[in-house]
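For reference, the structure is listed below as structure tokens.
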Amino acid sequence: MDSSKELAYADLEWAIGINRFTLEMIGLWPDEKLSNRQKFLANLRAFVIFTTLITVSIIPSIFSLVRVWNDMIAIIDNLQITLPFSATAVKIIIMWLRKEGED
């Protein structure tokens, strides 16, 4: 029975390992072992990535959406990019706030 629990835990670690790695990279994975300086740097990384996403992707896409407002095909083409980036920005905010609530 213990070997099946260990196998299940190994499977769980494998399944969330890549998510943990990428979220640690961008500063959104909560980690109690970090010092205050490391937490600050993780928050700074998350803020820089969020700001870059907003300024490079979402704002230009919204301006482009306003520019092509009378052409339905162009609006749909624009929304194919704008909506996923906007959803990603909302997810980053939610994860950042949830991470801060854990501290």
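If you use the numbering used here, the sequence shown corresponds to residues 10 to 112, in order. From the three backbone atoms N, C-alpha and C, an ideal C-beta is built for every residue, glycine too.
For residue i, collect the residues of the same chain with a Cβ closer than 7 Å to its Cβ; drop the 5 residues on either side in sequence, then sort them by chain order.
i, result
"ILE63", "ALA98"
"ARG54", "ILE35, GLY36"
"MET104", "LEU37"
Does DSSP put residue i in a helix, a strand or coil?
i, result
"ASP80", "coil"
"GLU22", "helix"
Leaving aside the five residues before and after residue i along the sequence, list all residues of the same chain whose C-beta is less than 8 Å from its C-beta, in chain order.
i, result
"ILE84", "LEU74, VAL77, TRP78"
Would residue i pass as a contact of residue j if the rule is Cβ separation under 7 Å?
i, j, result
"TRP23", "LEU32", "no"
"PHE30", "ILE67", "no"
"PHE59", "ILE101", "yes"
Near residue i, which residues of its chain fall below 6 Å by C-beta distance, leaving aside the five closest residues on each side in sequence?
i, result
"ASP40", "none"
"PRO69", "none"
"GLU15", "none"
Contact between the region 42-51 and the region 73-89: three or more CB pairs below 8 Å?
no
Scan the region 19-75 and note each continuous alpha helix (DSSP H) run of 4 residues or more that stays entirely inside, going in chain order.
45-62
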